[in-house]
Structures are given as C-alpha cells and as structure tokens.
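Have a look at the structure below, then the notes.
Residue numbers (UniProt numbering): 1 to 306.
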C-alpha cells in the first residue's frame, strides 16, 4: 500500500524481550528506492512520522520480534510515544488502562479483555514494554460483535444500535469508497470463501457485507488513531495490524489520510516468506519499507493470512 522506499530481506533475528536496537547484520539486505540502505536509515524516517504503521502476518514470530525492536527504538528516539493495536477492541480500553496503570492484575485484565490466542507470545511483550515505560496503549479495533452484525445484515444495521453502543464505532455511516486496488484485493481474498458456501447456505454473508465488515475494522482503527492524535498531537503513534489493513496505503492508512491529510505516515509491510520464495515486484511496493522474513535453517514458514 505504500510507494516503496525500502525493502528489507531479513533472515530470522534471534532477539529476546530485553532486545537491542535495530542493527544491520550480514543477513540483512536493505533497499531504498532500489538502492541499499541501512536499518538505522530506516529508523531515521520512522522517528519523524506522526504515525508508523506496521503490517504483519499474525503467525509470523519474526514480525513480532521486529515490532518489539521498532517499539523500543522509537521510544529511545522520542519517549512521547503510544502504541495502537488491532488486537484489542475499543470496549476493553478501560481494563487495558487499569492494567497499564497498575490498578488490576494481569489475570484480571486478561479475563475481561478478550486477548487473541497468541497474545502471550506475540503481543504481551509490546504491552509489557509500554506498561514498564508508562506509554499509552490504544485498544483500536471495532468490537467483533458489531463486525459480525455487519457481516450478517450489512453496515446499515449499525444505525439501529443504541447510542451507548455507537461510542465504540466510527462516525456512521462510514465510507465504502474503497481504493480500486483494495476492493479488488478483497474480492480475491473474500470471494472464493463466499462463492463456495453461499449457494448451499443462504445465511452466509454476502460478499458486499463481508467487505463492509472489513471496512468497519479499517474505519474504526483510523478513527481511533485520529481521535488520539487530535487530543495528543505531540505523541507519536505506532500502529500494529494485519498487513491487509495497511499494505499499499489502503485500508486504515487511506482513511487516516482522508481525515488528516497533513499527518506524516510511514508504512512498513512485514511479509513472511518460505525458504526459496522470490517476492513478486508488486509485493515490494506494499509499503515505504518492506521486510521479507525467511525461516531459520531447519524450520519452515507456513502460509499465513495477512
């Protein structure tokens, strides 16, 4: 989704939670506009951004290690930083804040925040870093019950919700004017699943409703980012989400740019590769920076949905 300023080919980085700053190794090949660049040069661009988007494949452990490194390095560069996560929904912002501020225990927090199954291994290190350093964390996403409602009945069903429910949603109705490339990509991803089941099960969501549900995620996360930035314009934001929400400047990024066109945005796309995969040229244009992660020797990356 971005004009590709940079792509990075990275063999698995073995980095613990204590971590260390992003550093060049013999396994890193980094390009900016077709020319080699260093990871430190990438960081120089990140620290000047109002919002840094990191698009991941959710089952890529290397991506999660890199995200922690980026968070640590951005904090060192400017401690006025906040983390925004797709993985938590807006209606759990209060218990998330209570946990970060030390009012409730971690088991209490997890019991009422609906964490993803891979939270402990993949996202907990990010939240704990923020807790240790007093950084805000945004529960940025739409509650899944409303996304499910849209997938079943369409986005117009949200208008019937009580006012108390709508506080967790972006302004309604949200736009369905999607970039052409994004709309086609959603057709490609969502269409086969829909076509394979809809005829046999009339209760299956229509393709249009599925696209409206995807757009609700995008619109909600964009609204969360813009609202936070409006209240705290000096705080930089690191947004982490599945890369389909931000690749090629589509999804959340497109909506943020429409809402606040003056914000400086940098997009990173982390793409999980298998051992002998060669990326297509278009994949190397998915962000301002692209990171290709390859498996460690003796392991194999499996296919993942962004």
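C-beta: ideal position from N, C-alpha, C; glycine also.
Take residue 164 as the anchor and find which of 287, 268, 90 has the nearest alpha-carbon. 90
Assuming residue 212 and residue 150 make a contact with CB atoms under 8 Å, what is their CB distance in whole Å? With a contact defined as Cβ atoms closer than 8 Å, residue 212 and residue 150 qualify at about 5 Å.
Closest Cα partner of residue 188 within the set 176, 171, 207: With distances taken between Cα atoms, residue 188 lies closest to 207.
Any heavy atom of the ligand NAP inside 7 Å of the beta-carbon of residue 255? For the ligand NAP, the structure offers nothing, since it holds no ligand at all.
On the three-state DSSP scale, how would you describe residue 135? coil
For residue 94, which option in 113, 225, 65 has the closest C-alpha, if you only look at C-alpha atoms? 113
Anticipated Cβ contact below 8 Å, residue 40 with residue 224, distance rounded: Not confirmed; about 30 Å, so no contact.
Put residue 85 into one of helix, strand or coil per three-state DSSP. Strand.
Taking DSSP as the reference, what is the three-state secondary structure of residue 174? coil
Can you tell me which of the three DSSP states residue 267 falls into? strand
Do you know offhand how far residue 205's Cα is from residue 146's? 14 Å
Three or more C-beta pairs closer than 8 Å, one from the region 178 to 186 and one from the region 119 to 129: is that the case here? no
What ranges does the beta strand (DSSP E) occupy inside the region 215 to 300, keeping only unbroken runs of at least 3 residues that lie completely in it? 236 to 242, 265 to 272, 289 to 294
Would you report the Cα separation of residue 250 and residue 222, rounded to the nearest angstrom? 11 Å
Do you know whose CA, among 260, 217, 49, lies nearest residue 230's CA? Residue 230 has its Cα closest to that of 260, out of 260, 217, 49.
To the nearest angstrom, how far is the alpha carbon of residue 56 from that of residue 240? 7 Å
For residue 141, which beta-bridge partners are listed by DSSP? 89
When the Cβ atoms of the region 46 to 54 are set against those of the region 258 to 277, are three or more pairs found closer than 8 Å? Verdict: yes, contact present.
Rounded to whole angstroms, how far is the Cβ of residue 210 from the Cβ of residue 190, which I believe are closer than 8 Å? That belief holds up - the Cβ atoms of residue 210 and residue 190 are roughly 5 Å apart, short of 8 Å.
Count the other CB atoms within 10 Å of the CB of residue 293; is the residue buried (16 or more) or exposed (fewer)? buried
Taking residue 269 and residue 287 to be in contact with their CB atoms under 8 Å, please state how far apart those CB atoms are, rounded to whole angstroms. 4 Å
Helix, strand or coil at residue 52 [DSSP, three-state]: Reduced to three states, the DSSP call for residue 52 is strand.
Rounding to the nearest angstrom, what Cα-Cα distance links residue 168 and residue 144 in this structure? 11 Å
Tell me which residues share the same chain as residue 186 and place their Cβ nearer than 7 Å to its Cβ, disregarding the 5 neighbours each side in the sequence. 211, 214
Quick check on DSSP: helix, strand or coil for residue 104? coil
Do residue 220 and residue 170 come within 8 Å of each other at the CB atom, strictly closer than that value? yes
Reduced DSSP secondary structure (H/G/I, E/B, other) of residue 160: helix
What is the DSSP secondary structure of residue 186, counted as helix, strand or coil? helix
Which residue from 70, 140, 285 puts its Cα closest to that of residue 96? 140
Suppose you measure from the CA of residue 82 to the CA of residue 283; what does that come to, to the nearest Å? 28 Å
Can you have a look at residue 176 and say buried or exposed, based on whether 16 or more other CB atoms are within 10 angstroms of its CB? exposed
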